[in-house]
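Here is the structure we will look at, set down as structure tokens.
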């Protein structure tokens, strides 16, 4: 049998194959340190988690969408009266889901 070299996967097909995954997996996880498109893990046991860490979901929303609550651009942290927040506003999660 002849072996054929593998061809690169087109982006449209790659997106379809990842459709069941959380869109937050498109960014690296700041909590467990895994790369983009990899599942989050428990650092102590290296067990794969079924969902992403909240910090990863927050980073994804921060990078993807503008915040309708505090009116900041993507990649800018949300704030409460000038004080930066560690997480993003709930409305920014909703906006990021719509953008995705």
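Residue numbers (our numbering): 49 to 148.
Ideal placement from N, C-alpha and C gives every residue a C-beta, glycine not left out.
This one's a predicted model, so the numbers in the text were calculated from it and none came from an experiment.
Smallest Cα separation from residue i: which of the options?
| i | options | result |
| --- | --- | --- |
| residue 35 | 109, 134, 79 and 124 | Any question about residue 35 goes unanswered here, given that the chain covers just 49 to 148. |
| residue 107 | 57, 140 and 68 | 140 |
| residue 110 | 58, 97 and 125 | 125 |
| residue 101 | 77, 146, 68 and 127 | 77 |
To which residues does DSSP link residue i through a beta bridge?
| i | result |
| --- | --- |
| residue 131 | 128 |
What would DSSP say about residue i, mapped onto helix, strand or coil?
| i | result |
| --- | --- |
| residue 89 | strand |
When we look at the beta-carbon of residue i and count the other beta-carbons within 10 Å, is it buried (16 or more) or exposed?
| i | result |
| --- | --- |
| residue 138 | exposed |
| residue 121 | exposed |
| residue 72 | buried |
| residue 90 | exposed |
| residue 144 | buried |
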